[in-house]
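Residue numbers (the working numbering): 2 to 366.
Cβ coordinates follow ideal geometry from the N, Cα and C atoms, glycine included.
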């Protein structure tokens, strides 16, 4: 049951990974989206040579070994590639033992509450509020996240007055019962983040994500200390050393590892455990409807310190065309919840038509 072959099927935006073992099992994983064709190359060049011939069920050892073997090249692309291998190995483990990944982790398959996650800043406050109302009527969402500020904006708004307008419009349209979350995507300095945060608190916003440049941990800590609402962050971070520092200094109230960015499920579990020990909740980042949301549902379904909602992108395929047609069954929201996919491993099947259109590479032992 050693690893015999590692294949990638990639486009510029998405790379799926198939791992085959010597005893005939196959598992599917995914690297992080965006520049995925580059990540696929790194997987074959820097990940596969260390993984081929190793026990496919010894995931934890491989996850520790490969970054050491590639210690001269730390950083995001290496961990994005590692996550592609690692998530495929979890699929194999589930198939070998006839359990879902969630069940392997001690969780129970069930519907999980999700929040409607908007990725857009090019939308007017009124349009954002209107689509949230429509989605609540159609799918029963109770919680909603939207963008404020400007991405890495140096205290600028996307356009003057948009942040205050969108917060007011969404709260007015959805009423006091809706749970509101916002994402600033590294927009603010400390004084401005605190000022904006107090406006958010006045409007009953519960979650203030990435208020400051994510690499400025002390800035974020100062904002979290000044505000009553939850400050969240961490989606971009792939180094466990950064996570230990962030959690140790209580820079955030809510940790948000991304299974694909951080290097796979094993490393995401380590982040969640560090957070649990510090008394913090984990609400993983899953900002598109590729396999990352499948991974996240299994992950969140097994955590003791899981936050109350799982992130669920509301952007259609017209906005993210690369997330279409990857796997079946598609994820759907009913009564504000999404079912953790049942079946062995991740519980989904990869669409052969998508694979036929992708760029294919294989590395064998």
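Provide the residue span of the beta strand (DSSP E) that contains residue 338, from first to last. 338-340
Local Cβ density within 10 Å of residue 296, reported as buried at 16 or more and exposed below that: buried
Just checking my contact of residue 331 with residue 120 at CB under 8 Å: how many whole Å lie between their CB atoms? No, residue 331 and residue 120 are not in contact; Cβ-Cβ is about 18 Å, not under 8 Å.
In terms of alpha-carbon separation, which member of 268, 309, 291 lies closest to residue 282? 309
Beta-carbon proximity check, residue 300 vs residue 116, cutoff 8 Å: no
Out of 319, 177, 10, state which residue places its alpha-carbon closest to the alpha-carbon of residue 351. Answer by Cα proximity: 10.
Please classify residue 206: does DSSP put it in a helix, a strand, or coil? Residue 206 sits in coil when the DSSP states are folded into three classes, being neither helix nor strand.
DSSP three-state assignment for residue 115, whether helix, strand or coil: Residue 115 falls in the strand class under three-state DSSP.
Exposed unless 16 or more other CB atoms sit within 10 angstroms - verdict on residue 273: buried
Under 8 Å between C-beta atoms of residue 64 and residue 267: yes
Looking at residue 252: is its Cβ nearer than 8 Å to the Cβ of residue 284? no
Throw me the rounded Cβ distance for the residue 49 and residue 22 pair, which I believe falls under 8 Å. With a Cβ gap of about 14 Å, residue 49 and residue 22 do not count as contacting.
Count the other CB atoms within 10 Å of the CB of residue 278; is the residue buried (16 or more) or exposed (fewer)? exposed
Boundaries (first-last residue) of the beta strand (DSSP E) holding residue 17: 16-22
Taking DSSP as the reference, what is the three-state secondary structure of residue 122? coil
So, with DSSP's three-state summary, where would you put residue 1? In the structure as shown, the chain starts at 2 and stops at 366, and residue 1 therefore has no counterpart that could be examined.
Is it buried or exposed, residue 146, if we count other Cβ atoms within 10 angstroms and call 16 or more buried? buried
Taking residue 109 as the reference, which of 41, 94, 303, 328 has the closest Cα? 303
My guess is that residue 181 and residue 134 are in contact by the Cβ rule of under 8 Å, so how many angstroms apart are they, rounded? Contact doesn't hold; Cβ gap of about 13 Å is too wide.
Exposed or buried, residue 153, counting other C-beta atoms within 10 Å across all chains shown (16 or more means buried)? exposed
To test your reading of the DSSP string, which unbroken alpha helix (DSSP H) runs of 4 or more residues are found completely within the stretch 159-202? 163-175
Any idea what DSSP makes of residue 102, helix, strand or coil? DSSP, read as helix, strand or coil, puts residue 102 in helix.
Hey, out of 46, 76, 94, whose CA is closest to residue 28's CA? In this structure, 94 is the residue among 46, 76, 94 with its C-alpha nearest to the C-alpha of residue 28.
Measure from the alpha carbon of residue 192 to the alpha carbon of each residue in 212, 184, 206, then state which is nearest. 212
To the nearest angstrom, how far is the alpha carbon of residue 92 from that of residue 210? 31 Å
Please work out which residues of its chain come closer than 8 Å, Cβ to Cβ, to residue 142, disregarding the five sequence neighbours upstream and downstream, and give them in chain order. Excluding residues within five positions, the ones whose Cβ falls inside 8 Å are 115, 116, 117, 133, 136, 334, 337.
Inter-residue spacing [alpha-carbon to alpha-carbon] between residue 46 and residue 31: 17 Å
Work out the CA separation of residue 231 and residue 394 for me, nearest whole Å. Outside the displayed span of the chain (2 to 366) sits residue 394, for which this structure offers no information.
Neighbour-count burial assignment, residue 319, 16 or more Cβ in a 10 Å radius: exposed
Taking just the CA atoms, how far does residue 356 sit from residue 105? 28 Å
Measure the Cβ-Cβ separation of residue 248 and residue 276 and say whether it is below 8 Å. The Cβ atoms of residue 248 and residue 276 sit closer than 8 Å to each other.
Which whole-angstrom value is the C-beta distance of residue 139 and residue 362, which I expect to be below 8 Å? Contact flag wrong, Cβ pair sits at about 40 Å.
Starting from the C-beta of residue 130, find all residues in its chain whose C-beta is less than 6 Å away, skip the five residues before and the five after it, and write them out in chain order. 170, 171, 174
Span of the beta strand (DSSP E) around residue 109: From DSSP, residue 109 is part of no beta strand (DSSP E); its letter is neither H nor E.
Could you please give me the residues that DSSP links to residue 7 through a beta bridge? 20, 364
Which term fits residue 238, buried or exposed, when burial requires 16 or more other beta carbons within 10 angstroms of its beta carbon? buried
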